[in-house]
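Q: Per our numbering: the sequence shown ends with 371, consecutive numbering throughout. The structure follows.
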Amino acid sequence: VPTQTFTPRPTLPPENTATPTITPTLTQTSVPRPEGLPGQIIGWGGRAASNDGYFPVIFISVNDGTIQQVSGSNRGDQVSAVSTSRIVYRRFFPDIFANELSVVDPITTFSTLLGDEWAGTGTVFTETAWPQFTPDGRLLVFSAVDAQKNRGIFVFDSQRAGDKILRITPADGFNYDMPTISPGGTTVVAVRSDGISTSQGVDLVKFDLLTGAREDWTTDGDATIEKMPRWSPDGKLLAYVTEDPETGNGDIVLRTIEGMITIIPVTRTPDIDEINPVFSPDTRYMAYASNFIEGYNIFIYDLLTNGFSQLTFDDEMYFPGAWVE
């Protein structure tokens, strides 16, 4: 699919406020399958073997919806990938009820700890989660719990000499989670929430990796719960989820990065949970998970036409983590 220029619709003024209540876009009727779209969505899902909320890592063909499990008996969530051969996910270890980021080989289905790749680092952390690669695969941003028991943001530079881990967030009593990194690897946006010393609620914060500057991107506290930010491959958009604090349901919005900042609603369904936005490699489309009818299925939004299509159709659970060529 050729790369298209996305022109935002002027639906909301440029301000960091909670998204207002708006009319739902979708209705409880059949949504067509996508046609002629290339690539694979790498995520997690299937029929739940237990009630712990973890699933196998899966490939989903965007062309025909074919699903392939690639992690064997290992289960988890929070998948990121550069290609069909470089995949990281948060693996669940049921014997010890713990989670750590792991690398899965889709051919052998074996998983190994991602931490083996930065062995010897002087940075101490545990409970690694929410991985996301830059498009070239060099940098991986993730969150982890530090020695003070706060969650912070770290970047793994696979080509850096010496210590390959860089801590992004300060030890300021806040928790930082769900990071996303810009395509050029210069900026990180993360979700900041209350730690042990503050009561300011949940907001998005931007970190400049070159200057160390920090900027609040939203300032409405718990009026709207922002989560799951995701940078577009062309670097011009940020998708994230706004969660209703009363119902727990999420809607997806887009925020422009360059020029006048505009907040653009994508899903408008307060009674439906829409989460995990993932862009196509050309930024033309965005996949996300929704409990629109039954379970959680994967839907695709066309940023050029504002149309929707549905990739999976059943009562199981499917969540996108990355869209690769």
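Here a beta-carbon is modelled for each residue, glycine too, at the ideal position from N, C-alpha and C. Since we're looking at a predicted model, the values are computed, not measured.
List the residues that DSSP assigns as beta-bridge partners of Ser239.
A: Here the question's residue 239 lines up with position 193 in the sequence shown. Residue pairing of Ser239 in beta bridges, as defined by DSSP: Asn221.
Q: Can you check which of these residues, Phe220, Thr232, Ser126 and Leu83, is closest to Ala259 by C-alpha distance?
A: Along the sequence shown, one-based indexing puts residue 259 at 213. With distances taken between Cα atoms, Ala259 lies closest to Thr232.
Q: Give the straight-line distance between the Cα atoms of Phe156 and Gly198, rounded to the nearest whole angstrom.
A: The residue you call residue 156 lines up with position 110 of the sequence shown. The residue you call residue 198 lines up with position 152 of the sequence shown. Taking the straight line joining both Cα atoms gives about 28 angstroms.
Q: Which complete beta strand (DSSP E) runs does the segment 144–172 hold, if anything under 3 residues is left out?
A: Along the length of the segment 144–172, whole beta strand (DSSP E) runs at least 3 residues long occupy 144–150 and 157–159, reported in chain order.
Q: Ordered along the chain, which non-local residues of its own chain (more than five positions away) have a Cβ less than 6 angstroms from that of Gly82?
A: Residue numbering aside, residue 82 sits at position 36 when the sequence shown is read from its first letter. No residues qualify anywhere along the chain.
Q: Just the Cα atoms here: how many angstroms apart are Lys252 and Ile104?
A: On the sequence shown, position 206 is the one that residue 252 refers to. On the sequence shown, position 58 is the one that residue 104 refers to. Distance between the alpha carbons of Lys252 and Ile104: 31 angstroms.
Q: Could you tell me the alpha carbon to alpha carbon distance between Asp280 and Ser326, rounded to whole angstroms?
A: As a first step, residue 280 is located in the sequence shown; it is residue number 234 there, counting from the start. As a first step, residue 326 is located in the sequence shown; it is residue number 280 there, counting from the start. Approximately 10 angstroms between the Cα atoms of the pair.
Q: Please report how far the alpha carbon of Lys282 lies from the alpha carbon of Arg213, in whole angstroms.
A: One-based indexing of the sequence shown puts residue 282 at position 236. One-based indexing of the sequence shown puts residue 213 at position 167. If you take the alpha carbons of Lys282 and Arg213, they lie about 25 angstroms apart.
Q: Alpha carbon to alpha carbon, how far is Arg314 from Asp297?
A: Looking up residue 314 in the sequence shown gives position 268. Looking up residue 297 in the sequence shown gives position 251. Rounded to whole angstroms, Arg314 to Asp297 spans 6 angstroms at the Cα level.
Q: Hey, how far is the Cα of Val324 from the Cα of Ile310?
A: Here the question's residue 324 lines up with position 278 in the sequence shown. Here the question's residue 310 lines up with position 264 in the sequence shown. The straight-line gap from Cα to Cα measures roughly 16 angstroms.
Q: Could you round the C-beta distance between Asp319 and Asn337 to whole angstroms and report it? I think they count as a contact, below 8 angstroms.
A: On the sequence shown, residue 319 is found 273 positions in, with the first residue counted as 1. On the sequence shown, residue 337 is found 291 positions in, with the first residue counted as 1. Contact flag correct, Cβ pair sits at about 5 angstroms.
Q: In this structure, does DSSP put Asp297 in helix, strand or coil?
A: To locate residue 297, count along the sequence shown from 1; it is residue 251. Here DSSP, grouped into helix, strand and coil, assigns Asp297 to strand.
Q: Going by Cα to Cα distance, which pick from Thr130, Pro84, Thr112 and Trp176 is closest to Gly122?
A: Here residue 122 corresponds to residue number 76 of the sequence shown, with the count starting at 1. Closest by alpha carbon: Trp176.
Q: So if DSSP puts Ile227 in a beta bridge, which residue, or which two residues, is it bridged to?
A: As a working note, residue 227 is residue 181 in the sequence shown. Per DSSP, Val234.
Q: Are the C-beta atoms of Arg79 and some chain C residue less than 8 angstroms apart?
A: The structure shown contains no chain C; it holds only a single protein chain.
Q: Please state the DSSP three-state secondary structure of Asp268.
A: The sequence position of residue 268 within the sequence shown is 222, counting from 1. DSSP places Asp268 in helix when its eight states are reduced to three.
Q: Quick one: is Arg93 buried, meaning 16 or more other Cβ sit within 10 Å of its Cβ, or exposed?
A: Position 47 of the sequence shown holds residue 93. Label assigned to Arg93: exposed.
Q: Is it buried or exposed for Pro366, if we count other Cβ within 10 angstroms and need 16 for buried?
A: On the sequence shown, residue 366 is found 320 positions in, with the first residue counted as 1. Answer is buried; the Cβ neighbour count reaches 16.
Q: What are the partner residues of Ile113, as DSSP defines its beta bridges?
A: Sequence index remark: in the sequence shown, residue 113 carries index 67 (1-based). Answer is Ile106.
Q: Hey, how far is the Cα of Ser131 from the Cα of Ala285?
A: Within the sequence shown, numbered from 1, the residue matching residue 131 stands at position 85. Within the sequence shown, numbered from 1, the residue matching residue 285 stands at position 239. Roughly 25 angstroms separates the two Cα atoms.
Q: Tell me which same chain residues have a C-beta within less than 6 angstroms of the C-beta of Arg383, skipping the five on either side of it?
A: Here the chain has residues from 47 to 371 only, and residue 383 is not among them.
Q: Rank Asp192, Ala193, Val201 and Pro181 by C-alpha distance to the C-alpha of Leu160 and give the top, closest one.
A: Position 114 of the sequence shown holds residue 160. Checking every option, the nearest Cα to that of Leu160 belongs to Val201.
Q: Using a Cβ-Cβ cutoff of less than 6 angstroms, which residues in the same chain neighbour Val128 once the five nearest sequence positions on both sides are dropped?
A: Locating residue 128 in the sequence shown gives position 82, where the first residue counts as 1. These residues qualify, in order along the chain: Phe179 and Gly183.
Q: Relative to the alpha-carbon of Thr257, which residue among Val234, Pro78, Asp162 and Val134 has its alpha-carbon at the smallest distance?
A: What you label residue 257 is simply residue 211 of the sequence shown in a count that begins at 1. Measuring from the Cα of Thr257, the nearest candidate turns out to be Val234.
Q: Tell me whether Thr180, by its Cβ, gets closer than 7 angstroms to a heavy atom of the ligand MG.
A: As far as ligands go, the structure on display features none, and thus does not contain the ligand MG.
Q: Verify whether the separation of the beta carbon atoms of Val287 and Leu300 is less than 8 angstroms.
A: Along the sequence shown, one-based indexing puts residue 287 at 241. Along the sequence shown, one-based indexing puts residue 300 at 254. No, the Cβ-Cβ distance between Val287 and Leu300 is not below 8 angstroms.
Q: In whole angstroms, what separates the C-alpha of Ile303 from that of Ser228?
A: Stepping through the sequence shown from its first residue, residue 303 is reached at position 257. Stepping through the sequence shown from its first residue, residue 228 is reached at position 182. Taking the straight line from one Cα to the other gives about 11 angstroms.
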